[in-house]
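*Asks:* Numbering (UniProt numbering), first residue to last: 1 to 464.
We treat Cβ as the ideally placed atom computed from N, Cα and C, and that holds for glycine.
Small disclaimer: the values here were computed from a predicted structure and weren't measured.
Please find one structure pasted underneath; my questions will follow.
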């Protein structure tokens, strides 16, 4: 696929998100060249102009302008002819003054995320430096969590940098064909060369952990997690404030994630349990802030997941149920934001899954049905994005599975059939990717299975 084709693909995703969005949503674009940024900005402005909407553009000219931009955005309110916000903060990626201003800008928006979701009323597109992509989730974890679209803008073909050979030492410590990321190499350098490790920033370790996990090297990820945990414990001992406590909770969760991936469930459960206690402490000290509630909810889901794998379904149900209550509370306070709805849907699926394992099919059907309603609501607001369609397809399969077990074959057939159509739609838009083909194969098997049970097979189910 050429850079122009890739840019067209990003444009189609962006256009669908913005045309169907209702209220606030966050889109993160990562750029390293002005040409694709200008193309997307122009296309978006032209598209909105056809619908008498105006693109609200913000391009700070100095670090001071960038630092002040957060307050400007937070003060915006919906207007009759206004439209989505376009903020370009990607330039001068290598200049320290701009880096500091950009970090402060993201921190400020992250702190006031609830204001954006509650008051802004329009989608917001942030164009950020591609070189800082691995830091955004660290500098603005709440913003990263609620993003509805993330995309990297391709450089023009003539500007594409030549590939450089990978260093031998990088290949030696990573799976073949999947070299260590820059964040991993930087963390290793810092860990080995910094005399006073208490001066290190745990967030650099978190970025390295995520990079190692993303490429599937969970042993490397566990080593990084253990190192970061050591650092986080020392920082809490030196200055036990809320920020260092939250970093310790994250470090423990990372240790648990790596242990779970490597099959060490006992170690994972211990790490998750300690992280959960810290999240409870943070809630007690900070109150029911959106971040405190969401952190606690995520921690409960991690504990519940390992409890379920260890066979303690009652404990898993209790943890998932408490998490579900928190997510209902978040929805009540934040409204029907995409993140609030998706989080609630995930919790309902987890509770429904344990209900199903415990044999309470009526309760499972109720939870899955409510989750399905939320997925449909998300589709109505966000449009047919790949994530929305896949989430809806999975939700339909869960509902159909319980309907089938309850003997309602007609309802199961309808839900399986709708899921199959979504899988076909994803194949048409995304092509024959491994995940698309796997999902389509599963959907075909489910439709074929239910047709065999109810005797309505037409004998034409295809194979992929």
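Suppose the cutoff is 8 Å on Cβ atoms and the five residues either side in sequence are ignored; what does the same chain contact list for residue 465 look like?
*Replies:* The question about residue 465 has no answer, for the chain in this structure spans 1 to 464.
*Asks:* By DSSP, does residue 86 sit in helix, in strand, or in coil?
*Replies:* Three-state DSSP puts residue 86 in a strand.
*Asks:* Starting from the N-terminal side, write out each stretch of the alpha helix (DSSP H) that is 4 residues or longer and does not extend beyond the segment 325 to 357.
*Replies:* 338 to 357, all fully within the segment 325 to 357.
*Asks:* Just confirm the distance between the C-beta atoms of residue 323 and residue 297, as a whole number of angstroms; I'd bet it's less than 8 Å.
*Replies:* Contact holds; Cβ gap of about 4 Å.
*Asks:* Does residue 56 come out as helix, strand or coil in the three-state DSSP assignment?
*Replies:* Residue 56: strand per DSSP, three-state reduction.
*Asks:* Taking all protein chains shown into account, do 16 or more other C-beta atoms lie within 10 angstroms of the C-beta of residue 191, making it buried, or fewer, making it exposed?
*Replies:* Buried is the call here.
*Asks:* Distance check for residue 275 and residue 256, CA to CA, integer angstroms please.
*Replies:* Going from the Cα of residue 256 to the Cα of residue 275 covers about 9 Å.
*Asks:* For the beta strand (DSSP E) containing residue 179, name the first residue and the last one.
*Replies:* Here residue 179 belongs to no beta strand (DSSP E), and DSSP marks it neither H nor E.
*Asks:* So, residue 347 versus residue 375, is the Cβ gap smaller than 8 Å?
*Replies:* Going by C-beta atoms, residue 347 is not nearer than 8 Å to residue 375.
*Asks:* Residue 319 and residue 303: beta carbons closer than 8 Å?
*Replies:* Cβ distance < 8 Å, so residue 319 and residue 303 count as in contact.
*Asks:* So, does the segment 238 to 255 touch the segment 195 to 204, judging by three or more C-beta pairs under 8 Å?
*Replies:* Counting Cβ pairs under 8 Å, three or more are found: they touch.
*Asks:* Suppose you measure from the CA of residue 380 to the CA of residue 89; what does that come to, to the nearest Å?
*Replies:* Each residue's alpha carbon lies about 30 Å from the other.
*Asks:* Excluding the five sequence neighbours on either side, which residues of its own chain have a C-beta within less than 8 Å of the C-beta of residue 311, listed in chain order?
*Replies:* Hits under 8 Å: none found.
*Asks:* With a Cβ-Cβ cutoff of 8 Å, do residue 338 and residue 85 count as a contact?
*Replies:* Going by C-beta atoms, residue 338 is not nearer than 8 Å to residue 85.
*Asks:* Could you please give the first and the last residue of the uninterrupted alpha helix (DSSP H) stretch that includes residue 245?
*Replies:* Taken as a continuous stretch (DSSP letters only), the alpha helix (DSSP H) holding residue 245 covers 242 to 261.
*Asks:* Is DSSP giving residue 94 helix, strand or coil here?
*Replies:* Correct three-state label for residue 94: coil.
*Asks:* Going by the DSSP bridge assignment, what does residue 150 pair with across the sheet?
*Replies:* 28, per the DSSP bridge assignment.
*Asks:* Roughly how many angstroms separate the alpha carbons of residue 121 and residue 334, rounded to a whole number?
*Replies:* Looking at the two C-alpha atoms, the distance is approximately 13 Å.
*Asks:* Less than 8 Å separating the beta-carbons of residue 36 and residue 154?
*Replies:* Contact flag set, yes.
*Asks:* Can you tell which of 286, 55 and 75 has its C-alpha closest to the C-alpha of residue 108?
*Replies:* The shortest C-alpha separation from residue 108 is found at 75.
*Asks:* Residue 44 and residue 14 look like a contact to me (Cβ under 8 Å); what is the Cβ gap, rounded to whole Å?
*Replies:* Yes, they are in contact, since the Cβ atoms of residue 44 and residue 14 sit about 7 Å apart, within 8 Å.
*Asks:* Under the assumption that residue 209 contacts residue 138 (Cβ atoms under 8 Å), give the Cβ distance between them as a whole number of angstroms.
*Replies:* With 8 Å as the limit, residue 209 and residue 138 do not qualify as a contact, their Cβ atoms being about 11 Å apart.
*Asks:* Let me check understanding here. Comparing Cα to Cα, which of 39, 445, 213 and 195 lies closest to residue 181?
*Replies:* Closest option to residue 181, Cα to Cα, is 213.
*Asks:* Going by the CB atoms, is the gap between residue 326 and residue 293 shorter than 8 Å?
*Replies:* Yes, these two residues count as a Cβ contact at 8 Å.
*Asks:* On the three-state DSSP scale, how would you describe residue 63?
*Replies:* Note: residue 63 maps to helix in three-state DSSP.
*Asks:* Rounding to the nearest angstrom, what Cα-Cα distance links residue 427 and residue 389 in this structure?
*Replies:* Taking the straight line from one Cα to the other gives about 11 Å.
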